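Everything in the sequence shown is counted per full-length UniProt numbering, starting at 1 for the first residue and increasing by one.
Just so you know, even glycine gets a beta-carbon here, dropped at the ideal spot from N, CA and C.
In this text, all values refer to a predicted model and were calculated from it rather than measured experimentally.
Let me begin by presenting the structure, written as structure tokens, before commenting on it.
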Amino acid sequence: MNKKNNSIFADKAIMNRALKDSVKKLNPKVQIKNPVMFMVFVSAILTLILFVFALFGIRDAQPGFILAVSIILWFTVLFGNFAEAIAEGRGKAQADTLRASRRDVMANKIPSSEQRHKVTAVRSAELRKGDIVVVYAGEQIPADGDVIDGAASVDESAITGESAPVIRESGGDRSAVTGGTTLVSDWLVIEVTSEPGQSFLDKMIAMVEGASRKKTPNELALQLFLVALSIIFLLVTCSLYAYSLFSAGQLGKVNPTTVTSLVALLICLAPTTIGALLSAIGIAGMSRLNQANVLAMSGRAIEAAGDVDILMLDKTGTITLGNRQADAFLPVDGVSEKELADAAQLASLADETPEGRSVVVLAKEKFNIRGRNLEEMKAEFVPFTAKTRMSGVDYKDNEVRKGAADAIRTYVQESGGVYSKECDRIVKEISNHGGTPLVVAKNHQILGVIRLKDIIKSGVKEKFSDLRKMGIKTIMITGDNPLTAAAIAAEAGVDDFLAEATPEGKLDMIRDFQKQGHLVAMTGDGTNDAPALAQADVAVAMNTGTQAAKEAGNMVDLDSSPTKLIEIVKIGKQLLMTRGALTTFSIANDVAKYFAIIPALFMGLYPALGVLNIMRLHSAASAILSALIYNALIIVVLIPLALRGVKYREVAADALLKRNLLIYGVGGIIIPFIAIKLIDIILVMLFGI
């Protein structure tokens with residue numbers, strides 16, 4: 001219940017801020033940034049001036065009619081401002097939360113990682129790039145940096161919203177830390193990587209509140225198209241005024257077409273609906289990305305995600321669970337499976353790796369092998385090393401070893417034992433099918449093989465199938481040998497793979513696809529991923545990754561989930577779908593408004609035009625006001641759709657285009673006919689217009 005109340009309160013706060021900002025945006029310097037709505041703004045000022053003139057006897061039309069048109073136009077401008085302000089409101093609320101988490105704290109500055117005891121207390125705002133600090137459990141990390149010594153749990157909930165702490169350690173691809181997060185345990189020595197005011201949190205605040213948002217090329221192109229349409233309608237309106245003066249003179253009639261009516265015609269025919277919502281759609285797309293805990297460094301990256309047709313995905317953590325699991329004991333030379341499982345489990349009891357734990361669990365599940373009295377056995381465990389590539393245990397004159405096939409072969413043969421041919425066959429078979437073989441030997445005799453297997457994530461194959469329907473090709477990147485990579489790729493359902501991947505190999509593959517006209521997206525977290533990330537059209541860097549990777553990417557995933565790339569593509573496509581759907585709807589609206597206003601404007605000159613009054617609107621005044629009111633209200637009605645986005649569907653682009661033309665094109669023609677007629681009836685009932 002509290003959560004629900006908080007949500008309502010947050011919505012009210014955003015609404016109140018948006019209402020205030022709608023008025024602030026009436027500043028001409030703000031309005032001119034949106035040419036279509038600036039035209040409405042100028043028209044509202046013009047009709048207000050005409051109303052003042054009418055009060056002093058210089059009448060273009062009845063003062064009440066001019067005032068009504070002016071009020072509706074002002075509301076149209078305010079509704080357009082409101083659409084943009086409420087879209088920005090979400091980001092500003094998130095920015096306020098982030099600002100609250102950013103504090104100027106005391107930092108423990110040290111000369112080097114070896115001199116942790118020589119601490120100088122300084123304020124975090126005084127830290128510069130290259131400074132070294134030490135942070136202890138319970139303290140806030142004072143600035144962005146890379147861990148150069150130590151390992152610790154870090155609470156990143158202030159940034160990601162996730163309460164579970166994460167591990168950060170020196171070396172590898174999980175060394176980056178963010179200022180404003182808190183150390184939960186142990187200590188870290190950190191080298192500062194940002195200058196004051198240029199931290200990740202500063203950049204994030206600027207992005208989420210829209211301060212750094214620039215219009216994308218597609219958005220600019222669409223705006224240019226809308227401006228061109230508006231200029232055409234402006235020229236048509238001016239020519240209609242000249243034509244009506246000429247016709248009235250020829251027919252000897254008083255010119256019935258007023259400037260106020262022609263201004264109303266211009267605003268109704270101009271693409272004001274999409275003009276008012278265009279900015280809100282772009283801001284809302286970025287907001288949806290922020291809600292998915294992804295920080296986009298540019299709006300262009302979001303749009304590019306919508307146009308991506310090649311996805312390059314790391315195998316580990318994206319397609320597979322990240323750790324190979326034992327899934328079978330394969331004995332050789334007459335050894336029983338239980339005997340092999342018993343020896344394998346014993347050799348794995350001191351192995352704290354996920355693979356070692358999985359061997360222990362598999363033996364428990366298959367043969368209920370559980371409690372052992374290690375003290376009574378006088379067991380001495382042999383740890384795994386990179387040199388021996390095997391581990392094991394010695395007990396009661398017994399030796400059990402578990403490790404890579406070639407390492408166990410050398411161990412057995414050097415001790416005078418014989419390496420099993422059956423074992424060699426099974427090892428090759430497992431490798432050819434994408435698995436990893438671990439050979440177990442006891443007292444220099446081969447007992448059999450443990451098969452480790454990459455576990456494909458649940459639902460991944462279906463996701464790749466959906467992407468294929470959308471015309472997106474998926475490519476798995478792995479360091480595995482080609483045989484193993486091919487087996488995993490087939491099981492996961494990806495379209496292609498890059499085996500034994502190197503930084504140069506990734507970069508060359510991306511360049512080749514781009515030369516063929518494709519847009520490529522990829523994820524990465526290490527320094528060796530930086531060149532490929534810099535080359536990719538959509539580059540998602542993991543927040544846990546190195547500083548080089550984050551600087552090379554145009555998006556940062558705060559959750560550091562490699563599968564997020566699929567969600568990013570969906571958000572990008574949804575943004576493009578929403579913009580296209582509302583543009584179609586806006587332009588289709590003009591057909592209905594044409595039939596509402598044109599007969600009303602010229603029936604005085606040409607009574608035969610009454611045939612075009614197919615909606616049977618009551619009068620010229622009610623027709624114009626009904627069309628204008630609809631033109632204003634439809635902006636408000638469509639704000640939720642602009643913010644939420646058109647429902648995403650995994651279909652091909654041509655099928656999607658046909659669907660949008662049917663729903664938003666035909667709907668954009670039919671809905672105004674019904675709505676304008678209803679408004680006309682209400683105006684007649686209330687005011688007798």
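| Check | Outcome |
| --- | --- |
| Extent of the continuous alpha helix (DSSP H) to which V40 belongs | 35–55 |
| Residue burial classification, P28 (beta-carbon count within 10 angstroms, cutoff 16) | exposed |
| Rounded straight-line distance, which links the Cα of K92 to that of V40 | 27 Å |
| Residue range of the beta strand (DSSP E) that includes T178 | First-last for T178: undefined, no H or E at that position. |
| Cβ distance (whole Å) where S124 is taken to contact V154 below 8 Å | The pair is not a contact, with the Cβ atoms about 16 Å apart (cut-off 8 Å). |
| Contacting residues, own chain, Cβ-Cβ under 8 Å from V227 (five flanking each side not counted) | P35, V36 |
| Runs of beta strand (DSSP E) wholly within the region 247–297 (minimum 3 residues, chain order) | 294–296 |
| Cβ neighbour criterion (16 or more within 10 Å) applied to A211 | Only weak support exists for where A211 lies, its pLDDT of 44 falling under 50; the coordinates are left without a value. |
| Helix, strand or coil at N445 [DSSP, three-state] | Checking the sequence, you will find Gln at residue 445 rather than Asn. Q445: strand per DSSP, three-state reduction. |
| Span separating the alpha-carbon of D394 from that of F497 | 42 Å |
| CA-to-CA distance, T502 to D327, given in whole angstroms | 29 Å |
| Span separating the alpha-carbon of residue 728 from that of V540 | There is no way to answer for residue 728, as the model of the chain reaches only from 1 to 689. |
| Neighbour-count burial assignment, K24, 16 or more Cβ in a 10 Å radius | exposed |
| Simplified DSSP state of A211, which is helix, strand or coil | Annotation note: pLDDT 44 at A211 (below 50); position unreliable, no value reported. |
| Beta-carbon proximity of V133 to V184, cut-off 8 Å | no |
| Per DSSP, the bridge partner or partners of Y395 | N398 |
| Inter-residue Cα distance where the pair is G665 and A276 | 18 Å |
| DSSP-derived helix/strand/coil call for T320 | strand |
| Within 8 Å, strictly: CB atoms of E567 and A292 | yes |
| C-alpha gap between A347 and E504, whole angstroms | 39 Å |
| Counted within 10 angstroms of its Cβ, other Cβ atoms place P111 as buried (16 or more) or exposed | exposed |
| Reduced DSSP category for T216 - H, G, I as helix; E, B as strand; rest coil | coil |
| Outcome for R243 when other beta-carbon atoms lying within 10 angstroms are tallied against a minimum of 16 | The residue asked about is misnamed: residue 243 is Tyr in this sequence, not Arg. The residue is exposed, with fewer than 16 neighbouring Cβ atoms inside 10 Å. |
| Residues near K461 in its chain [Cβ-Cβ closer than 7 Å; skip 5 each side] | A492, G493 |
| Rounded separation between D146 and D351 - CA only | 29 Å |
| Runs of beta strand (DSSP E) wholly within the region 65–136 (minimum 3 residues, chain order) | 106–110, 120–123, 132–136 |
| Validate contact between the region 475–495 and the region 353–368 using beta carbons, cut 8 Å, 3 pairs | no |
| C-alpha distance - L235 paired with K315, whole-angstrom precision | 58 Å |
| Three-state secondary structure assigned by DSSP to L633 | helix |
| Per DSSP, the bridge partner or partners of R451 | A328, P437 |
| Counted within 10 angstroms of its Cβ, other Cβ atoms place C238 as buried (16 or more) or exposed | exposed |
| Three-state class that DSSP yields for L26 in the structure shown | coil |
| Extent of the continuous alpha helix (DSSP H) to which A588 belongs | 564–602 |
| Separation of L48 from F56, as counted between CA atoms | 13 Å |
| Whole-angstrom C-beta distance between G285 and I302, which should lie under 8 Å | 5 Å |
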